[in-house]
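The listed protein sequences correspond, in order, to chains R and P.
If you read the first sequence in the numbering used here, its first letter stands for residue 14, the second for the next number, and so on.
If you read the second sequence in the numbering used here, its first letter stands for residue 12, the second for the next number, and so on.
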Amino acid sequence: MIAAWDPLEGAALLAHPIAAAIVATIHDRGYATATVEEFMVRAEMTRREFDHHFAGKDEAALRVLEAHIDAYVERAGRAYDAVATWPDNLRAAAYETTRYILENPEMTWFGMVGVLEADDLARARRDQVFSWAAGLIDAGRGVAPDPTAIPRSAAMVAVGAIVEALRRTQESGLPVKPVEAVPVLMYAAVRPYLGEETARAELVIAPPADLARREER
Amino acid sequence: MVELPEHLRGEPLGQERVSREVLADHQRERVLASAIPVFAKRGYQATTVDDLLASGKVGVGNFYSLFEGKEACFLAALDRVVADAMAKIEAAGTEQEGWDARTYRGLTALLRFLCQEPLSARLFLVEAQSGGPVAMSRYDSVLDSAVVWLSTGRGAHSDAAELPPSFERAAVWGLAFYLQQCLLEARRHDPAKLLAETAPLLLEPIVGTSRLSRLTRELPAASD
Chain R
14 MIAAWDPLEG
24 AALLAHPIAA
34 AIVATIHDRG
44 YATATVEEFM
54 VRAEMTRREF
64 DHHFAGKDEA
74 ALRVLEAHID
84 AYVERAGRAY
94 DAVATWPDNL
104 RAAAYETTRY
114 ILENPEMTWF
124 GMVGVLEADD
134 LARARRDQVF
144 SWAAGLIDAG
154 RGVAPDPTAI
164 PRSAAMVAVG
174 AIVEALRRTQ
184 ESGLPVKPVE
194 AVPVLMYAAV
204 RPYLGEETAR
214 AELVIAPPAD
224 LARREER
Chain P
12 MVELPEHLRG
22 EPLGQERVSR
32 EVLADHQRER
42 VLASAIPVFA
52 KRGYQATTVD
62 DLLASGKVGV
72 GNFYSLFEGK
82 EACFLAALDR
92 VVADAMAKIE
102 AAGTEQEGWD
112 ARTYRGLTAL
122 LRFLCQEPLS
132 ARLFLVEAQS
142 GGPVAMSRYD
152 SVLDSAVVWL
162 STGRGAHSDA
172 AELPPSFERA
182 AVWGLAFYLQ
192 QCLLEARRHD
202 PAKLLAETAP
212 LLLEPIVGTS
222 RLSRLTRELP
232 AASD
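Here is the structure:
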């Protein structure tokens, strides 16, 4: 017998077959046309079980998105906090983001592209992550020679460049190439805060060995 | 009595026959004009054909004679918004002015458009992303054109030749995203302030600090 309503969330949700089933169904069918029945078939779950964990399609998709976001923010945030100085901590977070993307391509597609057709709540949750990332970039004001001269938009423009690059890569199905992408995006993020010369130095900083090896393969 | 020239002679005033094509064009324009705020306010996914019928004051049969369906109506609205914005951007500068001033004026016109017609801007910058793959590819190609335009500035500025090859993409993509966020804030924005926020990030790496300062002095963007 199934007990009272028991929301499935966080790491437990990501480990459950329903999370992958939701993402795969939305990938194949599009958000608007994907149905709860299709989620259930892929996850080999009964309607009763689904209803036991979720209130409906939108809520289930939002819960998967949130679990994915929490996992990502925890990892990238840890990488950022492990390094004391800006922009070294930002670079560490950028490469950790790349690792996360390489390890979770379907979930990344879902977060960047799949939820674009979802309801406002999912998009708002997605935008919250971008604001969080903008905060990591805008910490550059703390080390900038003249913080008042930096446009308020600097961090959001840098985040936008990253988001759009990721979206286009995800949609094209091309492999993510961190060695190419991160230095240029770091250049764009650092330039408004520390100027052209320091930003250019980002273009020649070698990527972490594990990612360089991965890209060579 | 003096006769009217041939081309002015016709049916008595008020009794001219209006062709079906003219009527259909008129109706199509009216439905499109009313569809833009509906899509922008409700969002592409939440908008129904019934919403479009109500806003355009048109019957189901007429609507489907003008558009294949909701997506076709959205794409036509999107094309119209892009055409309007492009016309304003292109009219803002002249070829004689050179790349720097034209681009600065074009950016000013774009930001003015965004502030004066936020619903149209929202249709393109926000809703195109949820309007399916065709809408997304149109959104992408507008941004790609801006990237191409920005890249032509390198030729006129020797320092810009040293910029990373993907600088223009990062700048245009970043700007589009930033403007999306501004529109989602749902508050009034001032074009002069937006210009001060974005020109240093978009143009300064290409034209240099002193040239941008001169453009800012010589071509001030009036606030709304």
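Quick reminder that beta carbons are idealized off the backbone N, C-alpha and C, glycines included.
What residue does the alpha helix (DSSP H) around residue i start on, and which one ends it?
i	result
Tyr75 of chain P	71-77
Ile233 of chain R	Not covered by the structure: residue 233 of chain R. The range shown for chain R is 14 to 230.
Tyr44 of chain R	It is not in any alpha helix (DSSP H) - Tyr44 of chain R carries neither H nor E in the DSSP assignment.
Arg180 of chain P	178-195
Trp110 of chain P	110-127
Pro216 of chain P	215-218
Gln56 of chain P	Counting along the chain, Gln56 of chain P falls outside any alpha helix (DSSP H), and DSSP gives it neither H nor E.
Lys81 of chain P	81-102
Phe67 of chain R	Neither: Phe67 of chain R is in no alpha helix (DSSP H) and is coded neither H nor E.
Trp160 of chain P	144-162
Arg198 of chain P	Where Arg198 of chain P is concerned, there is no enclosing alpha helix (DSSP H), given that its DSSP letter is neither H nor E.
Val137 of chain P	No alpha helix (DSSP H) contains Val137 of chain P, which DSSP labels as neither H nor E.
Met53 of chain R	49-56
Ser185 of chain R	167-185
Starting from the Cα of residue i, find the closest Cα among the options and give me that residue.
i	options	result
Ala181 of chain P	R:Glu193, R:Ala37, R:Glu184	R:Glu193
Thr211 of chain R	P:Leu223, P:Arg31, P:Leu174, P:Phe188	P:Leu174
Val96 of chain R	R:Val126, R:Leu149, R:Ala56	R:Leu149
Arg31 of chain P	P:Gln140, P:Lys81, P:Asn73	P:Asn73
Ala171 of chain R	P:Ser76, P:Leu190, P:Gly104	P:Leu190
Ala107 of chain R	R:Glu119, R:Met125, R:Tyr85	R:Tyr85
Ser169 of chain P	P:Ile217, P:Lys52, P:Arg222	P:Ile217
Leu130 of chain P	P:Trp184, P:Glu229, P:Cys193	P:Cys193
Ser177 of chain P	R:Arg180, R:Ala201, R:Gly186, R:Thr182	R:Ala201
Phe85 of chain P	P:Val49, P:Leu125, P:Val29, P:Thr119	P:Val49
Ala131 of chain R	P:Arg228, P:Glu40, P:Gln56	P:Gln56
Arg165 of chain P	P:Thr119, P:Glu215, P:Asp201, P:Gly143	P:Glu215
Leu187 of chain R	R:Leu115, R:Gly43, R:Ala137, R:Ala37	R:Leu115
Arg53 of chain P	P:Ala172, P:Ser221, P:Ser141, P:Val145	P:Ser141
Gly104 of chain P	P:Ala96, P:Arg113, P:Ala94	P:Arg113
Val142 of chain R	R:Pro118, R:Ala167, R:Thr110, R:Thr161	R:Thr110
Trp110 of chain P	P:Ala167, P:Pro16, P:Leu122, P:Arg123	P:Ala167
Ala34 of chain R	R:Arg227, R:Val176, R:Glu51, R:Ala25	R:Glu51
Met139 of chain R	R:Thr59, R:Asn102, R:Glu79, R:Ala174	A small fix is needed here, since residue 139 of chain R is Arg in this sequence, not Met. Nearest C-alpha to Arg139 of chain R: R:Glu79.
Arg88 of chain R	R:Glu62, R:Val203, R:Asn117	R:Asn117
Ala203 of chain P	P:Ala83, P:Asp95, P:Thr227, P:Glu14	P:Thr227
Ala214 of chain R	R:Val128, R:Val54, R:Asp101, R:Arg226	R:Asp101
Pro30 of chain R	R:Trp18, R:Ala178, R:Phe63	R:Phe63
Residue i versus chain R: which residues are under 7 Å apart at the beta carbon?
i	result
Leu212 of chain P	Pro164, Ser166, Ala167, Val170, Pro205
Glu208 of chain P	Pro164, Arg165, Ser166
Ser141 of chain P	Leu129, Glu130
Gln56 of chain P	Ala45, Glu130
Pro175 of chain P	Val197, Tyr200, Leu216
Would residue i and residue j qualify as a contact pair, given that the criterion is a beta-carbon distance under 8 Å?
i	j	result
Trp99 of chain R	Ala152 of chain R	yes
Leu6 of chain R	Pro196 of chain R	Only positions 14 to 230 of chain R appear in the structure, and residue 6 of chain R is not among them; the question remains open.
Ala81 of chain R	Pro20 of chain R	The sequence given here places His at residue 81 of chain R; Ala does not occur at that position. No, these two residues do not count as a Cβ contact at 8 Å.
Arg104 of chain R	Met169 of chain R	no
Arg165 of chain R	Glu208 of chain P	yes
Val137 of chain P	Leu64 of chain P	no
Tyr157 of chain P	Met147 of chain P	Per the sequence shown, the amino acid found at residue 157 of chain P is Ala instead of Tyr. Not in contact: Ala157 of chain P and Met147 of chain P (Cβ atoms no closer than 8 Å).
Ile87 of chain P	Leu34 of chain P	The sequence shown places Ala at residue 87 of chain P, rather than the Ile named in the question. No, the Cβ-Cβ distance between Ala87 of chain P and Leu34 of chain P is not below 8 Å.
Gly80 of chain P	Ile100 of chain P	no
Ala51 of chain P	Leu134 of chain P	yes
Val183 of chain P	Leu161 of chain P	yes
Ala210 of chain P	Leu223 of chain P	yes
Ala157 of chain R	Leu207 of chain R	yes
Val69 of chain P	Gln38 of chain P	yes
Arg180 of chain R	Met125 of chain R	yes
Gly67 of chain P	Arg91 of chain P	no
Ala187 of chain P	Leu154 of chain P	yes
Trp122 of chain R	Gln183 of chain R	yes
Thr38 of chain R	Ala25 of chain R	no
Starting from the beta carbon of residue i, find every residue of chain P whose beta carbon is closer than 8 Å, and list them in chain order.
i	result
Ser140 of chain R	Contrary to the premise, residue 140 of chain R reads as Asp rather than Ser in this sequence. Residues of chain P passing the Cβ test: Gln192, Leu195.
Leu198 of chain R	Ala181
Ala201 of chain R	Phe178, Ala181, Ala182, Gly185
Asp133 of chain R	Gly54
What does residue i reach in chain R if we use C-beta pairs closer than 8 Å?
i	result
Trp160 of chain P	The premise fails here: Trp160 of chain P is roughly 17 Å from chain R at the closest Cβ pair, so nothing lies under 8 Å.
Glu82 of chain P	Correct list: empty, because the minimum Cβ distance to chain R is about 11 Å.
Pro202 of chain P	By Cβ distance, chain R contributes nothing, its closest Cβ being about 14 Å from Pro202 of chain P, past 8 Å.
Anything in chain P within Cβ reach of residue i, meaning under 9 Å, just list it in chain order.
i	result
Val217 of chain R	By Cβ distance, chain P contributes nothing, its closest Cβ being about 11 Å from Val217 of chain R, past 9 Å.
Leu103 of chain R	In chain order: nothing, as chain P lies at least about 15 Å away.
Starting from the beta carbon of residue i, find every residue of chain P whose beta carbon is closer than 7 Å, and list them in chain order.
i	result
Val49 of chain R	Ordered by position in chain P, no residue passes the 7 Å Cβ test against Val49 of chain R, which lies about 17 Å from the chain.
Val176 of chain R	Phe188
Name the chain R residues that come within less than 9 Å of residue i, Cβ to Cβ?
i	result
Pro231 of chain P	The premise fails here: Pro231 of chain P is roughly 17 Å from chain R at the closest Cβ pair, so nothing lies under 9 Å.
Sorry if obvious, but does the Cβ on residue i come closer than 7 Å to a heavy atom of the ligand MG?
i	result
Leu129 of chain R	The model on display carries no ligand, and the ligand MG is accordingly not part of it.
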